[in-house]
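Notes to accompany the following structure.
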Amino acid sequence: MDDVSRALEHRPVTSPDGPAALRFSVLGPVRAWRGTEQLSTGSPQQRGLLAALLLREGRTATAAELIDALWGDEPPSQGLAAVRTYASRLRKALDPGVLVSESGGYAIRGLPDGALDLATVRDLAERAERARHGGELSRARDLLRRALALWDGEPLSGVPGPYAEAQRSRLEEWRLQLIEFRLDMELEQGHHAEAVSELTSLTAVHPLRERLRELLMLALYRSGRQAEALAVYADTRRLLADELGVDPRPVLTELQRRILQADPALAEPSAPEPESLVVPVRPAQLPATVPDFTGRVPYMEELGEVLASANGQVMAVSALSGIAGVGKTTLAVHVAHRARREFPDGQLYVDLQGQRATGAEPETVLGSFLRALGTPDAAIPDSLEDRAALYRSVLDGRRVLVLLDNAREAAQVRPLLPGTEGCAALITSRGHLGDLAGARLVDVDVLSPEEALHLFTRIVGRERVDGERAAALDVVAACGFLPLAIRIAATRLAVRRTWTVSVLAAKLADERRRLDELQSGDLAVEAAFELVYGQLEGAQARAFRLLGLTDGPDISLSAAASMLDLPVEDTEELLETLVDTSLVESAAPGRYRYHDLLRLYARACAERDEELPGERAAAPSRLLDFYLATAAGVYALERPGDRLIEHLEPTAGDGLCFTNRSEALDWLFGEARALLSAAHQAVDTGELRKAADLLLVVRDLAESGSEFMRYESVVTALLGAAAATGDERTEGRTRAALAHLHFLAGRFREADHEAREAVRLGGSTGDSWTMSDALNSRGVIALYQNRHEDGETHLSRAIECFRALGDRPGEAAVLCNLSRTYLATGRTASAIALARQGIEIYDAMGSSVRGANGRYALALALTRSGELDSASDCLHEALDIFREGRQKLWEGMTLFRLAEVDLAAQRPAQAAANAETALIALGGIGGEWRRAHVLTVLGHALSALGQTGRALASWNEALDVYERLHAPEAEAVRTLLLDGHPGRTHSVA
């Protein structure tokens, strides 16, 4: 009779009632018997299902867990159906009532004692431990031999799937521990020589297992082979250094020292108090990963590298943080499942309930962990410190992954961290655990648009999404690419077959209803946010509510301080605490932003929890005041002496003050989107006049080209609101601003209409600044439309108005524009004189930016008079100033004029280079009409260089533009193309 047969002798062949009982084996091929009859267990996957249920020993396995066990990250599309089929077949093969369905999963119940070989081994091992404690070493050794005989080759042999692979590793580790336990007793009983042979073979198969090396050294030493024992240590030390880069464990080093010293205590078995044999329990507590897990590749790679580094190195700790619903737990669980092979001794999991006021107590969690690791209740101490110490001791020498989900703070986590190499901890928390020393901090962001669409598609089904891709993108964008929100929206659509994706997108488009729409069953985005918001202190909650009222993409610290009416230092402290809770994001140093859905939630809280009447309206008003006051200061610094500052609405508070022009421009362009959003928001709050004034003092944003479209959108919205409310002053100012925008874009007819209305409204409301500005605009527009007499009339009226205001820079601007009108009508000398008058005023006022405009006008006149070198000098001086002031429109136009000068000076290569650079600078600003002028000059330069093909292409492109605009310049370019003649054309662009 072989060992396996002898070991099986005690197993029941019949049940207490007589019929043959079922019995199973997993410590080899997965097999089932009814009495002596071996039953068919089906295909490898079906055997895998049987093994997964047997190893749970009566606990229910959900369908998702079984799918993950069999196929891991790549389940088949019909995985659930396959699981049901396998379960049905097994149910028929086994006794009635053995395989049961429960809570959407399956379990094997009602097996008699000894029906599973795994349970038999556990029983034999426990009996061996008791025998050893009782001094019955021979009996203990015999029991362990019987237990080890139950292994029949590789555990779960031929069973596929990641779960089986992980269990094979666990069971093999358990087998080795039992072998080590048996060999330890062999040495205690004096069987040194017999043990050497077996230990030699075992260390060859498991060269990195230090406990086997320790036993081999002791067996050799007690066999009188001291030199060989020391050689084993040397080999072990070299191997560990080469393979893992580590030194032997202290216990092995201590044994070497004692052998070198010929410690008499080593010569014979000391019969020490035997160590407690913790029956190897390999906890597998990880929740099931979701089958539709999507994306997150960079995070998985980063976290995978950290977990892989745990083997043989300092304990690895990764702390994942992020807003509620971003998928921290889902990501951590998925990563943990992928890393299970790295941790063959098990995985522990706990929800630390960080959303509650106190969270889970570390003492309670440690007690649960110790029991899961096989520690009897009687051996678990009472105090937190003692439990933490025992926990670290139990984990010493084991490779266990600990997943601490939903942590509240670092103090809650520290006692739960393993203390030795080989283990790792994954932590998730809505707050940032920056005070957790040594942890890799990972801030989990929302999904990318592609990942979000993929997740939505996997839940809803490709057939419903492919035909409405644009609507699906709208849905995930409305969800802010937040995984929880996407899952809820997709689930709602999946169970409503009559809805289309467009219907769902339309429902989510309403911002005031969006959070209400994002709930399904027990899942709700708003509820997830509420758990965090409910833990805020009063000042934190107020800051979260009020700052959420802004429409800008982010907000600076100084702007937030003005909005909250608090000192900057107090505001920063509040905002940083909100960042720590992941309610607010740190967009950049000193800048903060909300996730779109959190902003909606903050506004809902502001409506629901407002503490003081009117505070919800006062906060955006303070913000608008801050932007207007600060922008007015920047405007005054850029345009000294400009009287617009004296004609603005008063503000309740002061803004920032700048003395350095570069810092002022950095602020203006850095705050562009935020302040334009604040101006647009005034349409709803009713502060139209301040918003219109804000647009006037930030005109540089429009001329720079970077914010042209957004600026125009705000102007248009304010104009509509002003007209609707009958606010003629605001209407006049917004029409003046809109006229300037049309002019910049080359829409001269529309520009003249708006400027004419602005003149009328400025006169009727007594707004002399608006009338002056609009008259100047009408004069310049007339120049571009070749209505020179009208232009001169408008400019003459404008100069009178500016002089009446005492606005010297305004007067200088009109003089320079009159210079261009004179130049267009052949009065070149007078044009030069007027431009120099304007420059003189600008220079006297210290206005470098507008002085550059004067030099631009002077250069045009000098070019016409043939003073090309002087014209080039003026233009280069202006170009430097425009670039410093970030004025893309005027940078591009100055390069265009330089190209004209270069052509006149017979420098075609330089002309072509300047024209090409001008096209780049004018991208997105200046309009097609100006671009056509540059293309025409570029064509002349290329023709002069002999590049006729490119020249003709440039002229053709210019002609297309002119014809589309019905511009008179089309005729001249048409002639060039017909004649192929590289003659010069002059423009007034």
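In terms of my numbering, the sequence shown opens at residue 228 and continues consecutively. Glycine included, C-beta positions come from ideal geometry on N, C-alpha and C. On a predicted model such as this, the values are computed, not experimentally measured, just so you know.
| Query | Result |
| --- | --- |
| The segment 585-597 contacting the segment 638-652, beta-carbon criterion three pairs below 8 Å | yes |
| Cα-Cα separation between F1029 and L1002, rounded to whole angstroms | 10 Å |
| Contacting residues, own chain, Cβ-Cβ under 7 Å from G337 (five flanking each side not counted) | G324 and V325 |
| Opposing strand residues paired with Y333 [DSSP bridges] | A288 and S328 |
| Per-residue burial, H1193 [other beta carbons within 10 Å of its own, 16 or more giving buried] | exposed |
| Uninterrupted alpha helix (DSSP H) stretches inside the segment 403-451 (no shorter than 4 residues) | 419-432 and 437-449 |
| Per DSSP, cross-strand counterpart(s) of W260 | R250 and Q265 |
| The segment 627-639 touching the segment 787-802, judged by at least three CB pairs closer than 8 Å | no |
| Close-in-space but distant-in-sequence residues of the same chain around L405 (CB under 7 Å, 5 per side omitted) | A352, L371, A374 and L375 |
| DSSP beta-bridge partners of D632 | D578 |
| Which residues DSSP lists as bridging V517, in chain order | For V517, which the question treats as bridged, DSSP gives no partner whatsoever. |
| 7 Å Cβ shell around W766 - same chain, five flanking residues per side excluded | This sequence places Ala at residue 766; Trp is not what is there. Here the set comprises L801. |
| Check whether L968 and E934 have beta carbons under 8 Å apart | no |
| Exposure of E502, with buried meaning 16 or more beta-carbon neighbours within 10 Å | For E502, the predicted model reports a pLDDT of 42, less than 50, meaning its position is unreliable and no value from the coordinates is stated. |
| Inter-residue spacing [alpha-carbon to alpha-carbon] between A963 and T997 | 7 Å |
| Three-state class that DSSP yields for Q1114 in the structure shown | coil |
| Whole-angstrom distance between A652 and L628, CA atom to CA atom | 6 Å |
| Q305, buried or exposed, once every other Cβ within 10 Å from all chains shown has been counted against 16 | exposed |
| Exposure of V722, with buried meaning 16 or more beta-carbon neighbours within 10 Å | exposed |
| CB-CB length for E407 against L457, believed under 8 Å | Their Cβ separation, rounded to whole angstroms, is 21 Å, which puts E407 and L457 out of contact at 8 Å. |
| Rounded straight-line distance, which links the Cα of H1160 to that of L1238 | Only positions 228 to 1216 of the chain appear in the structure, and residue 1238 is not among them; the question remains open. |
| Three-state secondary structure assigned by DSSP to V669 | strand |
| Spatial distance of R568 from A393 (CA atoms) | 6 Å |
| Pair within 8 Å by beta-carbon distance, I1008 and A978 | yes |
| Cβ pair L249, L321 closer than 8 Å | yes |
| Outcome for R233 when other beta-carbon atoms lying within 10 angstroms are tallied against a minimum of 16 | For R233, the predicted structure reports a pLDDT of 36, less than 50, and the residue's modelled location is therefore unreliable. The matter cannot be settled from this model. |
| Uninterrupted alpha helix (DSSP H) stretches inside the segment 592-638 (no shorter than 4 residues) | 611-622 |
| N- and C-terminal bounds of the alpha helix (DSSP H) containing T312 | G306 to A320 |
| Cβ separation of A1036 and S1074, assumed to be a contact under 8 Å, to the nearest whole Å | Residue 1036 is actually Pro in this sequence, not Ala. Right, their Cβ atoms sit about 6 Å apart. |
| Whole-angstrom C-beta distance between Q1174 and E930, which should lie under 8 Å | The pair is not a contact, with the Cβ atoms about 33 Å apart (cut-off 8 Å). |
| Inter-residue Cα distance where the pair is P514 and W260 | 32 Å |
| Ranges of the alpha helix (DSSP H) found wholly within the segment 1028-1071, counting only runs of at least 4 | 1035-1051 |
| Nearest-angstrom Cα separation, counted from P387 out to P303 | 14 Å |
| Rounded straight-line distance, which links the Cα of L277 to that of T268 | 8 Å |
| CB-CB length for Y448 against L493, believed under 8 Å | 6 Å |
| S999 - containing alpha helix (DSSP H), residue span | S995 to Y1011 |
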